[in-house]
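Visitor: Would you mind keeping the following structure in view while I ask a few things?
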Amino acid sequence: MNGRAPALSLRDISRTFLTFSVMVVVTAVLAGAFGVLTANGFLRKIHPYIFFTGFGNSAILILNRYLTAAIFPELRIDPVRQRTYLYAVCTALLMVAGSMLADQPLLKAGAGVLMLLVVSQPLLEIIRTLPLRTIWGNVSGRYYIFDVIFLLNANLGLFALGLKEAYPTNGIIPFFVTQSSYFLGSSFPLSISAMGFLYTYAWRRSPKIELARKLFSIWFDIFVGGVLFFLVVILIGHYLEMMLISHLLMFGVFALLVTFGVFLNSYFRKHFAHPALAFLLGGLAFLLATSAFGIMNIYYGKGILFGTYPPIRQDKMWIYHTHTHAALLGWITLSFTGMIYIVIPAIQKAGSLELLQTGDPLEQLLDRSTMSKAFVQLTLMLLSAGVVILSFYSGDGITLGIAGVIYGAAVSLLRRNLMRDPAIDMKGRGPASDESE
Numbered sequence: 010m011n012g013r014a015p016a017l018s019l020r021d022i023s024r025t026f027l028t029f030s031v032m033v034v035v036t037a038v039l040a041g042a043f044g045v046l047t048a049n050g051f052l053r054k055i056h057p058y059i060f061f062t063g064f065g066n067s068a069i070l071i072l073n074r075y076l077t078a079a080i081f082p083e084l085r086i087d088p089v090r091q092r093t094y095l096y097a098v099c100t101a102l103l104m105v106a107g108s109m110l111a112d113q114p115l116l117k118a119g120a121g122v123l124m125l126l127v128v129s130q131p132l133l134e135i136i137r138t139l140p141l142r143t144i145w146g147n148v149s150g151r152y153y154i155f156d157v158i159f160l161l162n163a164n165l166g167l168f169a170l171g172l173k174e175a176y177p178t179n180g181i182i183p184f185f186v187t188q189s190s191y192f193l194g195s196s197f198p199l200s201i202s203a204m205g206f207l208y209t210y211a212w213r214r215s216p217k218i219e220l221a222r223k224l225f226s227i228w229f230d231i232f233v234g235g236v237l238f239f240l241v242v243i244l245i246g247h248y249l250e251m252m253l254i255s256h257l258l259m260f261g262v263f264a265l266l267v268t269f270g271v272f273l274n275s276y277f278r279k280h281f282a283h284p285a286l287a288f289l290l291g292g293l294a295f296l297l298a299t300s301a302f303g304i305m306n307i308y309y310g311k312g313i314l315f316g317t318y319p320p321i322r323q324d325k326m327w328i329y330h331t332h333t334h335a336a337l338l339g340w341i342t343l344s345f346t347g348m349i350y351i352v353i354p355a356i357q358k359a360g361s362l363e364l365l366q367t368g369d370p371l372e373q374l375l376d377r378s379t380m381s382k383a384f385v386q387l388t389l390m391l392l393s394a395g396v397v398i399l400s401f402y403s404g405d406g407i408t409l410g411i412a413g414v415i416y417g418a419a420v421s422l423l424r425r426n427l428m429r430d431p432a433i434d435m436k437g438r439g440p441a442s443d444e445s446e
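What the sequence shown shows, in this note's numbering, is residues 10 to 446, in sequence order.
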């Protein structure tokens, strides 16, 4: 033996991402839950920052990169660089926490600068490696690469928010830079990534793949363009346009939910009940709820300037909280849990991106016992998320906190289920066939 440490592999870093992402989401959820139960203002303020700064960045930098490289093999994976990304995300999390504990907003601005520099690296690599026509000609590529662009913008928002809080009277930072706008901007890359995943893998075996390609291409234009235009009309305060665009987006989500439900009905009859697809269906259902509560938020927020707090009438704040948590606990977390149940086993099985590129990641890679446990996890997450939503309406803080604790415990089952699965090699003992740069 030469005493040298073994090279970091794709299996290694994907397992690290699994552990890190579950830890961050669970920490964010439990912080919110115990913040309600103990009336701790710090925990209640920091829990969305933990989610978006921690999970939002790592999911796009790591998981989304696997999906992008599976489509464009020119974008190879460097596990060492991905580990560095995770170190950077941890540093940003500590800086944000420190800024709130010590009331030093410039630390928050510094976290935004750090993540701007980190996220710019894969974006520059994409621009240098892939011609624009190649990106635009691939529907999935459009979704996955625009994720990185939106993430860059979200971190710019974190930087601007820190500066605004540090110098509230300077008049340079625009009025619409608020915590709410940062959280809203951070949710977009996660949403786009989940939608791209639905197209890439859910309709892979469908005989109507050409129709799906056309519809998802149109949906990309509607969703991305609609969201951008929606932000503009919010800033200028055009109520009618806000309602029209929000209804258009909601009808699009409804169509996506129905067509995916029809696809699953056909898939499960011919194949097997894949828990990951059930997670994605649950996520879409919560996205529809998110859209509906968003419309209610616009209705009751009429006449309130965007950037003020609260962004809605005080007696209707439950609508605002319900809208945001339906997105966080439902659409985003459920969808990414389903994505992880597909991507991580595929990588562990092959030791490379082979199954994501040319194989079938929807084949039965997991043991039956693991799939059964995944459905139990889904049930717990759906029920507890539903109770959280109802608790905002009822105003029952005890129920809200307990439901949050149950939800956090349910999320932790993701790592436990995968790490203990006997059918895949989660210990990295397989052949070294990793993709590397």
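We put the CB at the ideal spot given by N, CA and C, even for glycine. Please read all numbers here as calculations on a predicted model, not as lab measurements.
Counting along the chain, where does the alpha helix (DSSP H) carrying P114 start and finish?
Guide: Walking along the sequence shown from the start, residue 114 turns up at place 105. Its alpha helix (DSSP H) spans residues 114–138.
Visitor: Hey, how far is the Cα of V262 from the Cα of A16?
Guide: By one-based count along the sequence shown, residue 262 stands at place 253. By one-based count along the sequence shown, residue 16 stands at place 7. Approximately 44 Å between the Cα atoms of the pair.
Visitor: If you pair each beta-carbon of the stretch 40–53 with each one of the stretch 127–140, do three or more pairs fall below 8 Å?
Guide: Too few Cβ pairs lie closer than 8 Å, so no.
Visitor: List in chain order: all unbroken alpha helix (DSSP H) runs of 4+ residues lying wholly within the stretch 138–187.
Guide: If we require 4 residues or more, the alpha helix (DSSP H) runs fully inside the stretch 138–187 come out as 141–145, 148–175.
Visitor: If you follow the alpha helix (DSSP H) that H283 is in, where does it begin and where does it stop?
Guide: By 1-based counting over the sequence shown, the position of residue 283 is 274. Where H283 is concerned, there is no enclosing alpha helix (DSSP H), given that its DSSP letter is neither H nor E.
Visitor: Which residue's Cα is closest to the Cα of T36: H56, R20, I22?
Guide: Here the question's residue 36 lines up with position 27 in the sequence shown. When only C-alpha atoms are compared, the closest one is H56.
Visitor: In the structure shown, what three-state DSSP assignment does R322 receive?
Guide: Counted from its first residue, the sequence shown places residue 322 at position 313. In the structure shown, R322 sits in coil (DSSP, three-state: anything other than H, G, I, E or B).
Visitor: Rounded to whole angstroms, what is the Cα-Cα separation between S445 and T342?
Guide: As a working note, residue 445 is residue 436 in the sequence shown. As a working note, residue 342 is residue 333 in the sequence shown. Any reading at S445 is ruled out, since the residue's pLDDT is 45, under 50, leaving its predicted position unreliable.
Visitor: Quick check on S202: does DSSP put it in helix, strand or coil?
Guide: On the sequence shown, position 193 is the one that residue 202 refers to. Helix.
Visitor: Can you tell me the Cα-Cα spacing of T93 and Q130, whole angstroms?
Guide: Residue mapping note: residue 93 aligns to position 84 of the sequence shown, counting from 1. Residue mapping note: residue 130 aligns to position 121 of the sequence shown, counting from 1. Taking the straight line from one Cα to the other gives about 12 Å.
Visitor: Quick check: what's the CA-CA separation for A79 versus D369?
Guide: Indexing the sequence shown from 1 puts residue 79 at position 70. Indexing the sequence shown from 1 puts residue 369 at position 360. Straight-line Cα distance between these residues: approximately 12 Å.
Visitor: Going by other Cβ atoms of all chains shown within 10 Å of its Cβ, with 16 needed for buried, is A48 buried or exposed?
Guide: For this step, residue 48 is matched to residue 39 along the sequence shown. By the 10 Å Cβ count, A48 comes out exposed.
Visitor: If G150 sits next to F81, beta carbons under 8 Å apart, how far is it from one beta carbon to the other, in whole angstroms?
Guide: In the sequence shown, the residue the question calls residue 150 occupies position 141. In the sequence shown, the residue the question calls residue 81 occupies position 72. At roughly 6 Å, the Cβ-Cβ gap stays under 8 Å, so G150 and F81 are in contact.
Visitor: S400: buried (16+ other C-beta within 10 angstroms of its C-beta) or exposed?
Guide: Here residue 400 refers to the residue found at position 391 when the sequence shown is read from its first residue. It is buried - the Cβ of S400 has at least 16 other Cβ atoms within 10 Å.
Visitor: Just confirm the distance between the C-beta atoms of I398 and T331, as a whole number of angstroms; I'd bet it's less than 8 Å.
Guide: The residue you call residue 398 lines up with position 389 of the sequence shown. The residue you call residue 331 lines up with position 322 of the sequence shown. Indeed, because the Cβ distance is near 5 Å, the residues count as touching under 8 Å.
Visitor: What did DSSP end up calling F81 once you bin it into helix, strand or coil?
Guide: Here residue 81 refers to the residue found at position 72 when the sequence shown is read from its first residue. F81 falls in the coil class under three-state DSSP.
Visitor: Just to confirm my understanding: we take D376, look at its own chain, exclude 5 residues before and 5 after, and list those with CB closer than 7 Å. What are they?
Guide: The residue given as residue 376 occupies position 367 in the sequence shown. Within the same chain, D376 has close Cβ partners D430, P431, A432.
Visitor: Within 10 angstroms of its Cβ, does W145 collect 16 or more other Cβ (buried), or is it exposed?
Guide: Position 136 of the sequence shown holds residue 145. The residue in question, W145, is exposed, as its Cβ has fewer than 16 Cβ neighbours within 10 Å.
Visitor: Would you call N426 buried or exposed, if buried means 16 or more other Cβ atoms sit within 10 Å of its Cβ?
Guide: Your numbering for residue 426 matches position 417 in the sequence shown. With 16 or more Cβ atoms within 10 Å of its Cβ, N426 is classed as buried.
Visitor: Determine the contact status of I328 and M305, defining contact as a CB-CB distance below 8 Å.
Guide: Taking the first residue of the sequence shown as position 1, residue 328 is located at position 319. Taking the first residue of the sequence shown as position 1, residue 305 is located at position 296. Cβ atoms of I328 and M305: closer than 8 Å.
Visitor: Cutting at 6 Å between CB atoms, please list the residues of its own chain near S344, excluding the five before and the five after it.
Guide: Along the sequence shown, read from residue 1 onward, the residue named residue 344 stands at position 335. Here the set comprises A203, L289, G292.
Visitor: Taking its Cβ as the centre, do 16 or more other Cβ atoms sit within 10 Å of G119, making it buried, or is it exposed?
Guide: Residue numbering aside, residue 119 sits at position 110 when the sequence shown is read from its first letter. Flag for G119 reads buried.
Visitor: For M10, which residues of its own chain have a beta-carbon under 7 Å away from its beta-carbon, when the five flanking residues on both sides are left out?
Guide: Here the question's residue 10 lines up with position 1 in the sequence shown. Residue confidence for M10 is low, a pLDDT of 45 falling below 50, so the modelled location carries little weight; the figure read from the coordinates is stated next. Excluding positions up to five away in sequence, the list is empty.
Visitor: Hey, quick one: how far does the alpha helix (DSSP H) through P354 stretch, first residue to last?
Guide: Counted from its first residue, the sequence shown places residue 354 at position 345. Note, P354: alpha helix (DSSP H), 342–359.
Visitor: With 16 other CB atoms within 10 Å as the buried threshold, where does I22 fall?
Guide: Along the sequence shown, read from residue 1 onward, the residue named residue 22 stands at position 13. When all chains shown are included, I22 counts as buried.
Visitor: Just tell me which of Y96, L172, P88 has its CA closest to the CA of G121.
Guide: Within the sequence shown, numbered from 1, the residue matching residue 121 stands at position 112. It is L172 whose Cα lies nearest to the Cα of G121.
Visitor: My understanding is that L161 touches L123, with C-beta atoms under 8 Å, so please give their C-beta distance in whole angstroms.
Guide: Taking the first residue of the sequence shown as 1, we reach residue 161 at position 152. Taking the first residue of the sequence shown as 1, we reach residue 123 at position 114. That pair is no contact at about 13 Å.
Visitor: So, A294 versus L266, is the Cβ gap smaller than 8 Å?
Guide: Locating residue 294 in the sequence shown gives position 285, counting from the first residue. Locating residue 266 in the sequence shown gives position 257, counting from the first residue. Yes, the pair counts as a contact, with Cβ atoms nearer than the cut-off.
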